[in-house]
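Each protein sequence line maps, in turn, to chains R and A.
In terms of the numbering used here, the first sequence is residues 26 to 516.
In terms of the numbering used here, the second sequence is residues 26 to 516.
The C-beta atom is built at its ideal place from N, Cα and C for all residues, glycine as well.
Some notes on the structure that comes next.
Number of protein chains: 2
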Amino acid sequence: MKPVAFNNNVLRDGHQSLAATRMPTELMLPACPILDSMGFNALETWGGASIDAGLRFLGEFPFDRLDTLKKACPKTKHMMLFRGQNIVAYTHFPDDVVEAFVNCSARHGMDIFRIFDALNDTRNMECAIRAVNKAGKEAQGAICYTKSPVDTIERFVKMGCELAELGCGSIAIKDMAGLIPPHIVYDIVSGLKKNIKVPVVVHTHETAGMGAPSYYAAVEAGADVIDTSIAPFANGTGQPDTARMLAVLEDNPRKPDYDTKKLLQLREIFQDIYNKLGFYTDLKNEVIDTDALIYQVPGGMLSNFRVQLKEQKMEDKFDEVFAEVPYVREKLGWIPLVTPTSQIVGTQAMMNVKFGRWKMFTPQAMDIALGYYGRTPAPVDPEVKKLAQEKSGKEPITARPADLKGPGMEELRKALAAKGIKNDDEHCVIYAMFPQQLEDLYTKPREFYKLKSPKDKIPACPPPAEAAAKGPQKLKISIDGQERSVTVEKL
Amino acid sequence: MKPVAFNNNVLRDGHQSLAATRMPTELMLPACPILDSMGFNALETWGGASIDAGLRFLGEFPFDRLDTLKKACPKTKHMMLFRGQNIVAYTHFPDDVVEAFVNCSARHGMDIFRIFDALNDTRNMECAIRAVNKAGKEAQGAICYTKSPVDTIERFVKMGCELAELGCGSIAIKDMAGLIPPHIVYDIVSGLKKNIKVPVVVHTHETAGMGAPSYYAAVEAGADVIDTSIAPFANGTGQPDTARMLAVLEDNPRKPDYDTKKLLQLREIFQDIYNKLGFYTDLKNEVIDTDALIYQVPGGMLSNFRVQLKEQKMEDKFDEVFAEVPYVREKLGWIPLVTPTSQIVGTQAMMNVKFGRWKMFTPQAMDIALGYYGRTPAPVDPEVKKLAQEKSGKEPITARPADLKGPGMEELRKALAAKGIKNDDEHCVIYAMFPQQLEDLYTKPREFYKLKSPKDKIPACPPPAEAAAKGPQKLKISIDGQERSVTVEKL
């Protein structure tokens, strides 16, 4: 039996999950030589929210980070999370933009593209898979795990087979909410191992306290690779810690061999970074979220929910709104609860309870009902679809959403030229997703980011948000032995 | 396949692990009818540190708590943790005291006595097992899990067989440090299931993040019962949460059926208690302890270690002292690292590094070397034993330590009478273990405990310890370039 291999996700999902994606490239560098020497299957260094957050908050041009990390970790394969036709943003982009992004990333050294679609609609993944293969890199097809009557083991296995046929070099089970139970991941992995030849990778989060047991079961079922991170950017809302997974696999014939002394060094480096990012971290993220467990929804969804209910003065309706969630999911074709669908479903459930079912039909929910996000796992309820059509005045579509879009690169190139910003492919693809943020990068002074950067803005306790919330503070101050009553307010 | 059953440990180990054993009986009562209606295999309600802490800090006479909880939870079996010949204290007691304690507890309604010995010396458990059987109750023999070259799977299984032969009605694997890896618990449970007929119970802690995966493996191997708790007195340094374990067993043919709505109610009740005990809780206890994982020692031992090293001004010697731990363990016969042996080993390792090996031989370590704690898992090094004999002037023993003691009850009865305190068996056995504390109970005013009681001493945030540490602060401030000495105090 071959040992299971570990990916290490600390440089992307680790700080995305535990420090609001705020780790600047510069702080990552001391860890790079060690990370690169460990023999990990891959280092997840890019993609997901890290491109948006790096550009928006840290003022980093995304391809610069990739270049720097590739140079600092030249031996290990680099991996990125890729949202299919959404690339690393939130809407569908034309095929030529997706292709250009893939080509640029490949050119800058990206090795493995983990591609998923929030609706598990493989049509939204095809263009990216093709482009990655054409660039000679590895397309990893990801299956988003979600629980619903239509999401059976067979269906997930079938999707994996389909992705393998589409040319994926590996298949990932992506459990973004950390809700996959061990027995179910065991069955999916077993099913995939029986039916496909490419490696099977499992990705989960410890949010609900099921990460490690599910990895254990996945390894027993023959998973080839699992995603781990480095504490304190691990466990809780992040991936299980590497040292912890080694301990969990103690005495297991599939236990891999990673240097624990180096892991200790890495832990010290990341603890130091964690302390520097103090402002963006929260010990609560490291504690098992019992609510997520009990309500069986992604952790983030519940807290959003509570905030929204409070804004709407509907706190007393929590149970009612919560009971409406599966109804909305069912009517909208059992869409998974992942960003952005979790927010769309949550908001619609709230509107249904407040105003009556579908009286307030949000534009996003209508778009889902009409096919503008792609093919839902089950058919949308015909009545609901009809209502969406009437209310929105839009026609339902069955085609791949991106098919409605013409090529986009030429226009992007012109727009950048008009603004006097460099208009190579790298800038075009970033501009497509984050136009304002890219413009800011070239027009705002560095102070604009310095203020946003945790490096320069890590406050002493309490963090400014809290201090601001508290407002001016009254203090008793003794100056040179003379007592004064003083009001202090942070400027 | 029979479903696995759950014990619920929230009323004993839950708050012992996560709130310094400070939950008063009164606060437990609202949860009792629900806990009692769930169909748990047993409720752990007594024993371990809860008897000492309840008496010492809350001013509760231990048998009163048992009476109250038995009355509040009449349907479910009650379970207690019992330290063999140490009863619920830290030294060896005469057999008649052990027997009297068992008889009193049985009379007050205790059903299952989980009996262990810190050295896994079954001779230290025999008297208690016999007494429990004689009282017509269930003796559960516990195997302390520890890692050492002599502690093999076979040895643990053999100990389980021996305990079953001694008359135990069930066998528990007690992983007090939360360090048992899934594959090892799988093998021990499998071995026990093959060789003994009585139920096999597994007890662990989530401290190092291995609790849930190890339970999962134990269930796969056929464990009959596992210990769970209720969040927030669960996970972290405590047992995995009940709702979480149900989620982990989702789709597993051995998943038991416990009412999740009632679990939600329990969670709300215990969250409320947790908030009231705020002063004694620490979010850090709920976060996975990566140090415990990396150093493979009980979580509590490391923090004690650091405090002691600091006191001795030996912080720079951490690695050296730490490397000395396995040496000391080996020479002392590979004793497990459990209270009190973890402290004894840690202190001796520190002394060895500071003064040279065995130059300062602590009395406790000498007693272990000479057999006064019982039979060590492996023989004590002859040179070390000889040295202990010379330095202490004491003879080594091979007999069961309690055999050196004459009967104790008569003397206890007289001593209590002389003090004018009730001298029934209940008072005698408590007086044997906690003489000063029992005396305090009858002589100190209630304010003595009110001051200690979390109920009356729960401060607003921040807790007093922290506030005191902050105190008035002296600062050097430069105002308009002029330096001033300033004292600041929060009002």
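Item, Value
"For A/Cys98, the nearest candidate out of A/Leu36, A/Glu340, A/Ile255 (CA to CA)", "A/Leu36"
"Neighbouring residues, chain R, relative to A/Ala303 (Cβ below 8 Å)", "According to the sequence provided, residue 303 of chain A is Gly. The question's Ala does not apply to it. Ordered by position in chain R, no residue passes the 8 Å Cβ test against A/Gly303, which lies about 15 Å from the chain."
"Interface positions of the stretch 191–213 of chain R facing chain A (Cβ-Cβ less than 7 Å), listed along the chain", "Pro206, Pro207, His208, Ile209"
"Integer-rounded CB distance, given that R/Leu318 should sit under 8 Å from R/Ala259", "Contact doesn't hold; Cβ gap of about 19 Å is too wide."
"Residue-chain proximity (A/Ile319, chain R), Cβ-Cβ < 8 Å", "yes"
"Minimum Cβ-Cβ distance from A/Asn33 to chain R less than 8 Å", "no"
"is_contact[A/Ala268, chain R] using C-beta, thresh 8 Å", "yes"
"Counted within 10 angstroms of its Cβ, other Cβ atoms place R/Phe82 as buried (16 or more) or exposed", "buried"
"Own chain residues within Cβ distance below 8 Å of A/Glu420, not counting five before or after", "Leu395, Gln414"
"Bridge partner(s) assigned by DSSP for A/Gln165", "A/Arg139, A/Ser195"
"Cut-off 8 Å between Cβ atoms - residues of its own chain near R/Ala442, not counting five sequence neighbours on either side", "Asn448"
"As assigned by DSSP and simplified to three states, the class of R/Ser173", "coil"
"Short CB-CB distance (under 8 Å) between A/Pro388 and chain R", "no"
"Proximity of A/Leu94 and A/Cys57 at Cβ, strictly below 8 Å", "yes"
"Chain A contact for R/Ile294 (CB, 8 Å cutoff)", "no"
"Chain R within 8 Å of A/Ile76, Cβ atoms only", "no"
"Beta-carbon gap between R/Ala78 and R/Asn32 smaller than 8 Å", "no"
"DSSP-derived helix/strand/coil call for R/Phe459", "coil"
"Three-state class that DSSP yields for R/Ala413 in the structure shown", "helix"
"Beta-carbon neighbours of A/Pro238, restricted to chain R and to distances below 7 Å", "Ala237, Pro238, Tyr241, Val273"
"Reference A/Ile196, options A/Lys172, A/Asp212, A/Val226, closest by Cα", "A/Val226"
"First and last residue of the uninterrupted beta strand (DSSP E) at A/Ile251", "250–253"
"Members of the stretch 306–317 of chain R near chain A, C-beta cut-off 8 Å", "Leu308, Lys309, Glu311, Val312, Ile313, Thr315"
"Beta strand (DSSP E) segment containing A/Gly72, residue limits", "67–72"
"Same chain, Cβ closer than 8 Å to R/Leu308, neighbours up to 5 away in sequence not counted", "none"
"N-terminal and C-terminal residue of the alpha helix (DSSP H) that A/Phe295 is part of", "285–301"
"Inter-stretch contact (C-beta, 8 Å, three-pair minimum) for the stretch 400–413 of chain R and the stretch 352–360 of chain R", "yes"
"Exposed unless 16 or more other CB atoms sit within 10 angstroms - verdict on A/Pro281", "buried"
"Three or more C-beta pairs below 8 Å linking the stretch 318–338 of chain A and the stretch 98–113 of chain A", "no"
"Counted within 10 angstroms of its Cβ, other Cβ atoms place R/Gln264 as buried (16 or more) or exposed", "buried"
"Extent of the continuous alpha helix (DSSP H) run through A/Asn149", "148–159"
"Sequence-distant residues of the same chain with beta carbon closer than 7 Å to A/Ile59, five excluded per side", "Lys287, Gln290, Leu291"
"Alpha-carbon spacing of R/Glu340 relative to A/Leu334, whole angstroms", "51 Å"
"Minimum length 4: unbroken alpha helix (DSSP H) runs contained in the stretch 345–429 of chain A", "366–380, 388–394, 407–417"
"Under 8 Å between C-beta atoms of R/Val353 and R/Gln337", "no"
"Touch test, the stretch 449–466 of chain A against the stretch 432–440 of chain A, Cβ-Cβ under 8 Å, three pairs minimum", "yes"
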